[in-house]
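As they're listed, the protein sequences go chains A and B. Following this note's numbering, the numbering of the first sequence begins with 11 at its first residue and continues without gaps. Following this note's numbering, the numbering of the second sequence begins with 109 at its first residue and continues without gaps. Right, one structure below, let's go through it.
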Amino acid sequence: MSKVLDIHGSKPNEEGVTEVGHEPTTADRLYVPAIAAGLKTTIRHFFKNLIGKEKYTQTIQYPDQKVEYPERFRGMHRLVPREDGTSRCVACYMCQTACPARCIHIVAGESEDPSIEKYPVVFEIDELRCVVCGLCVEACPCDAIRMDTGYHPKPVYSREDADFGKADLLKNFGRHETEGSRRTARPPATAAGTGRVDRSSGDGGAGGATGGY
Amino acid sequence: MVKVNIDGRDLEVEAGTRLIKAAIDAGIDIPHYCWHPRLSVAANCRMCLVEVEKAPKLLPSCEIPVRDGMVVRTASPRVLEARQAVMEFMLLNHPIDCPICDQAGECKLQDYYMAHDRTGSRFAGLKVAKKKAQPLGSTVMLDEERCINCTRCVRFMDEIAHRPLLGQFDRGDRAVIGVFPGRPLEDPYSLNVVDICPVGALTSRDFRFKVRAWFLKSADSVCPGCARGCNMRVDHYENEIQRLVPRDNDAVNQGWMCDEGRFTYREIHDPKTQITTPHVRMASGEYSPISWEAARQKVAEMLAPFVGETDGSLGLALSAQQTTEGITAFVELAEQLLQVDAYAILGRAEGEGDDLLRVADKNPNRAGAELVLEAYSIFDEGPDLLRRGLEEKRVRALIMVGGDYSAGDSADVSAWTAALAESKVICFASNWTESARAASLVLPLASYAEQDGTFVNAQGRMQRIHRALKPLGGRKTALEAATFTAEALGAGARWRIRDFGAAFGELKKRTGLLRGVEPLKIGPSGVSLEADVADGVQGPDADEDALGQMSSSKRPPSHPTGSSSAPSHA
Ligand code: SF4
Ligand code: SF4
Ligand code: SF4
Ligand code: SF4
Ligand code: FES
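Structural data, given as structure tokens:
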């Protein structure tokens, strides 16, 4: 009596919505069989954990135990500094353009250093809105923003506190060394091997670009 | 007329037309840098090379006039190879600093690289370093490295602005654009070179680093800077205007705009003078903000003596900065609900004019305001008569729509403000002008960028403006302000003129000039209200100067007469 819809062959209806799945059966409507099926799994896990060899338990005794994060774990953002400590960011807005959560806010300004020209007067990331996708890191042409800090944004008491400014993000650099990272540390950023002209060294644009235009 | 065949399509074009123009008009795109439809031909970039049958070499299509029987191919393998080579050559020394280049996103180098090149660099040497961020004057910034030496900017200053301030210096890969020592690029039309520069070599110092081009949203509008009514695009971001750039309209501004007009947006966002909430003048002379509800009561109280049959001593001052529809709504309000005795069209003070674009009348819609008063057979007293009326107490109360008052010298301004301060004045204004500062009640009025409407320029061309911004704060458009006033007078139920279309419809009923004009169908370049508009619009006190300006403004800008440099208008 239940009408099973063909999942793979379904065509979108006039609103463009494809219906999948099936209409609820009497068993579905009673709920009890589904609850019993769930309880079966729970009871099986209980006894397996109690007497079995292979345990199901996944609990980690945080903070005594910590998980090892994978190499490419995306943690809190940091801005990569130049040698003089200023941010490498040239305020190109590529990260802001790429960000699907629209949580990066940049205000560009004219730098006094003629070899730099443009720099971010304001650089803010709203870590509450961030979806930790890493697109900003991918988009940056200067390798100025990274998510390799190895830790999460700290809990905050108000929404404003989750807006991290330029100074905070620059401070994040190297914090994984002092505070202990759960991720294998990588050597600090250099432009070598990025295939890009490092304009931060102030060569006035005379360097040879090796990458595509 | 000659017959040519471009990419297999038979076209019939005027003899002497440049090949590139014939192709572009037929919808066949030929990439180009140095050619500009409104400038002379330089043929120096070689991006526009095409294959012409029987010609031994590829030919620059921007230079070659069409000949009868020509067979042209714009996308043959030879052409594509040449284009790629030209692109590679152009990018040899290019800094490729797109991340910090304001042109990125609207750059022809980027577009053509993606369309015609897409290869990596094979260049192993050192790039030629040139100077970056060099101000050419107060408005334009030059980056010598990004320049592709197309000389569009040089030709513009020479041929259109008639002030050859820019030149090309040095040779070969050292060639740079520059100004002569002690003669910076200071010209009322300087920012046009930024628009026509196909790359990011010339950028606007005003717009510099403000916002990336791809974040901008745009609305088509008309410049409120003078009675020329240059067609422009309002580029805005986060409810703030970022820049104003010209749109092409052969009948009005070709493709140019003056710098003064481009900066008119500053006033809208000037936090020091903008008005966004109702204000009432206290006994001390200070203004204090009040709620709209309090403002409504105040309006009702101030206008109560002028409802119905009275001896009439109320004046209505309409600013030539307002839209035709806003003005119509207030005139309707006066006709239907109030006893108004004196009408006057006010506006901004006269300024500089020239024979390229700028008109001395700095109001975008004087002709529109005159058209409305004419349609209602109302006599326009003008600013002087109205002021005398105020001084002689013939006019004891005044509604000002737009806080403008055209005054040449400061003596006039003080006499005017003194006359206003003596009377009961309700002033709808966007900014704290002299007039607003003399009013008893000041209500926030939307600027042109915050509303839809039409302007009629000095040539009698009716053009549409489109809303770009959400009204700032509590600002009301002139139409909404009329509705608000009608409601304050308790006539909200029978007040019909609540939108653009209704106001236009009322006006259309009363004048033959708008016959056949559909407000929502006015195209991007506007409609000419026929030759008789000029006569129809001018009131009994026709302004001779304005007329003189009108005839001179109809003249197209002069062009050099060299045979190869006759510009073809696109
Ligand atoms: S990680 Fe994703 S969401 Fe977070 S700031 Fe970067 S681009 Fe935006
Ligand atoms: S993409 Fe990189 S250089 Fe560009 S604004 Fe973001 S952090 Fe700065
Ligand atoms: S001129 Fe164009 S290609 Fe050159 S840096 Fe600017 S955006 Fe990039
Ligand atoms: S500055 Fe721009 S318009 Fe002028 S020659 Fe260079 S590329 Fe052309
Ligand atoms: S557009 Fe023809 S040579 Fe430049």
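C-beta: ideal position from N, C-alpha, C; glycine also.
Check: Check each candidate in B/Arg623, B/Met178 and B/Ile285 and name the one with the smallest Cα separation from B/Glu161.; Outcome: B/Met178
Check: For B/Ala475 and B/Gly568, what's the separation of their Cα atoms in angstroms?; Outcome: 7 Å
Check: Measure the beta-carbon distance from B/Asp176 to B/Val110 and round it to whole angstroms, keeping in mind my assumption that it falls under 8 Å.; Outcome: 4 Å
Check: Can you confirm whether the stretch 536-547 of chain B touches the stretch 520-527 of chain B when touching is taken to mean that 3 or more C-beta pairs between the two stretches lie within less than 8 Å?; Outcome: yes
Check: Could you give the C-beta distance for B/Ala547 and B/Ile534, rounded to a whole number, given that I count them as a contact under 8 Å?; Outcome: 7 Å
Check: Put B/His377 into one of helix, strand or coil per three-state DSSP.; Outcome: coil
Check: What does DSSP give as the partner residues of B/Ala586 in its beta bridges?; Outcome: Bridge partners of B/Ala586: none, in fact.
Check: Using a Cβ-based criterion (distance less than 7 Å to any ligand heavy atom), does B/His224 qualify as near ligand 6?; Outcome: Annotation note on ligand 6: not contained in the displayed structure, which lists ligand 1, ligand 2, ligand 3, ligand 4 and ligand 5 as its ligands.
Check: Going by alpha carbons, who is nearest to A/Asp136 out of A/Pro22, A/Arg98 and A/Ser168?; Outcome: A/Ser168
Check: As a quick check of your reading: which residues have a C-beta less than 7 Å from at least one non-hydrogen atom of ligand 5, in chain order?; Outcome: B/Ile128, B/His140, B/Tyr141, B/Cys142, B/Trp143, B/Ala150, B/Ala151, B/Asn152, B/Cys153, B/Arg154, B/Met155, B/Cys156, B/Pro168, B/Ser169, B/Cys170, B/Glu171 and B/Cys258
Check: Spell out whether any CB of chain A is found under 8 Å from the CB atom of B/Arg545.; Outcome: no
Check: Check the Cβ-Cβ distances between A/Glu120 and every residue of chain B, and say whether any is below 8 Å.; Outcome: yes
Check: Less than 8 Å between CB atoms is the rule here; does A/Thr107 satisfy it with respect to chain B?; Outcome: yes
Check: For ligand 1, any of its heavy atoms closer than 7 Å to the Cβ of A/Cys113?; Outcome: yes
Check: Which same chain residues end up closer than 7 Å to B/Leu273 when comparing Cβ atoms and leaving out the 5 residues on each side of it in sequence?; Outcome: Met265, Val287, Arg291, Leu293 and Asp295
Check: Any idea what DSSP makes of B/Cys340, helix, strand or coil?; Outcome: Rather than Cys, the amino acid found at residue 340 of chain B in this sequence is Met. Strand, per DSSP.
Check: Determine the direct distance from the alpha carbon of B/Met249 to that of A/Gly175, and round the result to whole angstroms.; Outcome: 30 Å
Check: Taking 8 Å as the cut-off, decide whether the C-beta atoms of B/Ala457 and B/Pro491 are in contact.; Outcome: no
Check: Compute the Euclidean distance between the alpha carbons of B/Gln657 and A/Asp173, then round it to the nearest angstrom.; Outcome: Per-residue confidence for B/Gln657 stands at a pLDDT of 37, beneath the threshold of 50, marking its modelled position as unreliable; no derived number is given.
Check: Compute the Euclidean distance between the alpha carbons of B/Ala529 and B/Ser392, then round it to the nearest angstrom.; Outcome: 13 Å
Check: Using 7 Å as the cut-off, classify the Cβ of B/Pro203 as near or not near the heavy atoms of ligand 3, replying yes or no.; Outcome: yes
Check: Please classify A/Gly190: is it buried, with 16 or more other beta-carbons within 10 angstroms of its beta-carbon, or exposed?; Outcome: With a pLDDT of 46 at A/Gly190, under the threshold of 50, the modelled position of that residue is not reliable, and the figure given next carries that caveat. Per the 10 Å Cβ criterion, exposed.
Check: Just to confirm, are B/Ser329 and B/Ala576 a CB contact at a threshold of 8 Å?; Outcome: yes
Check: Listing by chain order, which chain B residues have their CB less than 7 Å from the CB of A/Tyr41?; Outcome: Chain B residues near A/Tyr41: none, gap ~50 Å exceeds 7 Å.
Check: Taking B/Gly333 as the reference, give the member of B/Leu324, B/Arg370, B/Ser169 and B/Arg502 with the closest Cα.; Outcome: B/Arg370
Check: Could you check whether the stretch 578-592 of chain B touches the stretch 616-628 of chain B, counting it as contact only if at least three pairs of C-beta atoms, one from each stretch, sit closer than 8 Å?; Outcome: no
Check: Hey, does A/Cys102 have any beta-carbon neighbour from chain B nearer than 8 Å?; Outcome: yes
Check: What do you reckon, are the CB atoms on B/Pro627 and B/Thr585 nearer than 8 Å?; Outcome: no
Check: Per DSSP, which one or two residues make a beta bridge with B/His387?; Outcome: B/Pro397 and B/Val550
Check: Taking 8 Å as the CB-CB limit, is B/Pro207 close to chain A?; Outcome: yes
Check: Give the residues from the stretch 149-182 of chain A that approach chain B closer than 8 Å (Cβ to any Cβ), ordered along the chain.; Outcome: Pro151 and Cys152
Check: In three-state terms, what does DSSP make of A/Tyr79?; Outcome: coil
Check: If we count Cβ pairs, one from each stretch, closer than 8 Å, do we get three or more for the stretch 235-247 of chain B versus the stretch 213-227 of chain B?; Outcome: no
Check: Per DSSP, what kind of secondary structure is B/Phe438 in: helix, strand or coil?; Outcome: helix
Check: So A/Cys140 and A/Cys105 are supposed to be a Cβ contact under 8 Å. How far apart are they, rounded?; Outcome: Rounded, the Cβ-Cβ distance is 11 Å, inconsistent with contact.
Check: When burial is assigned at 16 or more other CB atoms within 10 Å of the CB, is A/Lys63 buried or exposed?; Outcome: exposed
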